[in-house]
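Chemist: In my numbering, the protein residues as written are 990 to 1344. Ideal placement from N, C-alpha and C gives every residue a C-beta, glycine not left out. What you are looking at is a predicted structure, and each value in this text was computed from that prediction instead of being measured.
1) Buried or exposed: residue 1334, going by 16 or more other Cβ atoms within 10 Å of its Cβ?
2) Might you give, ordered along the chain, the residues of its own chain that have their beta carbon closer than 6 Å to the beta carbon of residue 1035, omitting 5 neighbours on each side?
3) Starting from residue 1274 and walking both ways along the beta strand (DSSP E), at which residues does that stretch end?
4) Measure from the alpha carbon of residue 1127 to the alpha carbon of each residue in 1148, 1142 and 1138, then state which is nearest.
5) Excluding the five sequence neighbours on either side, which residues of its own chain have a C-beta within less than 6 Å of the C-beta of residue 1169, listed in chain order?
6) With DSSP as the reference, please indicate the residues paired to residue 1247 in a beta bridge.
7) Use the C-beta contact count for residue 1174: other C-beta atoms within 10 angstroms, 16 or more gives buried, fewer gives exposed.
8) Using CA coordinates, which residue listed in 1016, 1293, 1223 and 1291 is at the minimum distance from residue 1188?
9) Take residue 1120 as the anchor and find which of 1060, 1279 and 1220 has the nearest alpha-carbon.
10) Mind checking who residue 1220 pairs with in its DSSP beta bridge?
11) Let's test the definition: count the other Cβ atoms within 10 Å of the Cβ of residue 1094 and tell me whether it reaches 16, buried, or not, exposed.
12) At which residues does the alpha helix (DSSP H) containing residue 1322 begin and terminate?
13) Helix, strand or coil for residue 1174? Go by DSSP, reduced to three states.
14) To the nearest angstrom, report how far apart residue 1242 and residue 1207 are at their CA atoms.
15) Could you check which residue in 1065, 1085, 1073 and 1078 has the C-alpha nearest to that of residue 1098?
16) In this structure, how does DSSP classify residue 1100 when only helix, strand and coil are distinguished?
17) Let's see if you can read the secondary structure: which residues bound the beta strand (DSSP E) around residue 1146?
18) So, are the CB atoms of residue 1033 and residue 1021 less than 7 Å apart?
19) Would you say residue 1233 and residue 1086 are within 7 Å of each other, going by their C-beta atoms?
20) Using a Cβ-Cβ cutoff of less than 7 Å, which residues in the same chain neighbour residue 1191 once the five nearest sequence positions on both sides are dropped?
21) For residue 1053, does the three-state DSSP call read helix, strand or coil?
22) Please return the same chain residues whose Cβ sits closer than 7 Å to the Cβ of residue 1045, not counting the five positions on each side in sequence.
23) Roughly how many angstroms separate the alpha carbons of residue 1304 and residue 1063, rounded to a whole number?
24) Sorted by chain position, which residues of the same chain lie with C-beta nearer than 6 Å to residue 1247's C-beta, five sequence neighbours on each side aside?
25) Assign residue 1094 to one of three DSSP states: helix, strand, or coil.
26) Just to confirm before moving on: does the CB-CB distance between residue 1157 and residue 1281 stay below 7 Å?
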């Protein structure tokens, strides 16, 4: 009696199965197949061995797609179009991104979607290979799409620090130190009862600027009073409402306020004027951004200058450099410097001229 073994066709392996067997990501297998120089030699050898053992052969069309660059970068801003274009911060960042992308031979695909639509963007744009990498303009610490982007090893740069995502490359300004600079300036002018209007608690940028406010007070031995910290959003309306809340309690002891953004400060100025207070004699105000609108209000705002357009430019450079570098390279964290621009909202016209 004999046993006959019938050998049929070898089951076709998928790239996901090869990645699992080699204990690497799908994108690493793709880079090995396309002879990308970014893969470490030992990883390349392990993947190639699995490919040979499993007799894996990628479909020609898929391999062609994987090796082809689109020369396009995705820009994802999880905000509504109205929110983006009513805040001058965003257009300046976008300008920096588009100008630098053009200089380096890329164009930008902009997507403005709320968090609940980010999944559609991911499926249609990223998985469809319509862009080579992604810049995300958000400091929301609980953004739902970020874990998926990290798992899929999407080439990604974030504009805005994320305290829990050290494995992702980021570009930001030193928000904490910038805020501390503004509050130190108010302290040097003799103020001790200094309030602050902060951004939403789930945004790293708001956390950092609030921490800078607290740091400067602590350095000067000034107690932190929770009732002088009011949270709002980064809009003129938010600044107006928050400033109104600060001005309601009587007797009023606050003599200065640090506001976390220029648009918020514009709203705060309106509330201060409506209460009949003189700026800066009765209430000094400093803010953060140094956008052009800071010089157009009355009085012009003392504000922390951040290189907004450079944020966008640096993000593009960082992303394109990472596309050409080793996939095993550690993430980069670029932190741009800020400086304080003193105007009439804190020291008055005559004092400013005397400086």
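Modeler: From the atom records:
1) Within the chain shown, the letter at position 345 stands for residue 1334. Buried: at least 16 other Cβ atoms inside 10 Å.
2) Translated into positions along the chain shown, residue 1035 becomes position 46. Closer than 6 Å at the Cβ level, and outside the excluded window around residue 1035, lie 1011.
3) Here residue 1274 refers to the residue found at position 285 of the chain shown. Counting along the chain, the beta strand (DSSP E) containing residue 1274 begins and ends at 1273-1278.
4) Working through the chain shown from its first residue, we reach residue 1127 at position 138. It is 1148 whose Cα lies nearest to the Cα of residue 1127.
5) Sequence index remark: in the chain shown, residue 1169 carries index 180 (1-based). Correct list, in chain order: 1201, 1204 and 1205.
6) If you number the chain shown from 1, residue 1247 lands on position 258. 1185 and 1275, per the DSSP bridge assignment.
7) Stepping through the chain shown from its first residue, residue 1174 is reached at position 185. So residue 1174 counts as buried.
8) Here residue 1188 corresponds to residue number 199 of the chain shown, with the count starting at 1. Of the listed residues, the one whose Cα sits closest to residue 1188 is 1223.
9) If you number the chain shown from 1, residue 1120 lands on position 131. Ranking the options by Cα distance to residue 1120, first place goes to 1060.
10) Here residue 1220 refers to the residue found at position 231 when the chain shown is read from its first residue. 1187, per the DSSP bridge assignment.
11) Start at 1 with the first residue of the chain shown, and residue 1094 comes out as number 105. Flag for residue 1094 reads exposed.
12) If you number the chain shown from 1, residue 1322 lands on position 333. Segment 1322-1325 is the beta strand (DSSP E) holding residue 1322; no alpha helix (DSSP H) there.
13) Taking the chain shown and counting its residues from 1, one reaches residue 1174 at position 185. The answer is helix: DSSP assigns residue 1174 an H, G or I state.
14) Reading the chain shown from its first residue, position 253 is the one you call residue 1242. Reading the chain shown from its first residue, position 218 is the one you call residue 1207. Straight-line Cα distance between these residues: approximately 19 Å.
15) Locating residue 1098 in the chain shown gives position 109, counting from the first residue. Of the listed residues, the one whose Cα sits closest to residue 1098 is 1065.
16) In the chain shown, counting from the first residue as 1, residue 1100 sits at position 111. If DSSP states are grouped into helix, strand and coil, residue 1100 belongs with the strands.
17) As a first step, residue 1146 is located in the chain shown; it is residue number 157 there, counting from the start. Start and end: 1145-1148.
18) Position 44 of the chain shown, counted from the start, is the residue given in the question as residue 1033. Position 32 of the chain shown, counted from the start, is the residue given in the question as residue 1021. Against a cut-off of 7 Å, the Cβ pair of residue 1021 and residue 1033 comes out as a contact.
19) Translated into the one-based positions of the chain shown, residue 1233 becomes position 244. Translated into the one-based positions of the chain shown, residue 1086 becomes position 97. Not closer than 7 Å, so no.
20) Position 202 of the chain shown holds residue 1191. Within the same chain, residue 1191 has close Cβ partners 1129, 1130 and 1131.
21) Counting from one through the chain shown, the residue named residue 1053 turns up at place 64. No answer about residue 1053 holds up, because its pLDDT of 38 lies below 50 and its placement is not dependable.
22) Along the chain shown, read from residue 1 onward, the residue named residue 1045 stands at position 56. Cβ within range, chain order: 1002 and 1007.
23) If you number the chain shown from 1, residue 1304 lands on position 315. If you number the chain shown from 1, residue 1063 lands on position 74. In a straight line, the C-alpha of residue 1304 is about 12 Å away from that of residue 1063.
24) Counted from its first residue, the chain shown places residue 1247 at position 258. Same-chain partners within the cutoff: 1171, 1172, 1185, 1202 and 1275.
25) Locating residue 1094 in the chain shown gives position 105, counting from the first residue. Here residue 1094 sits in coil by DSSP.
26) Taking the first residue of the chain shown as position 1, residue 1157 is located at position 168. Taking the first residue of the chain shown as position 1, residue 1281 is located at position 292. The answer is no: Cβ separation not under 7 Å.
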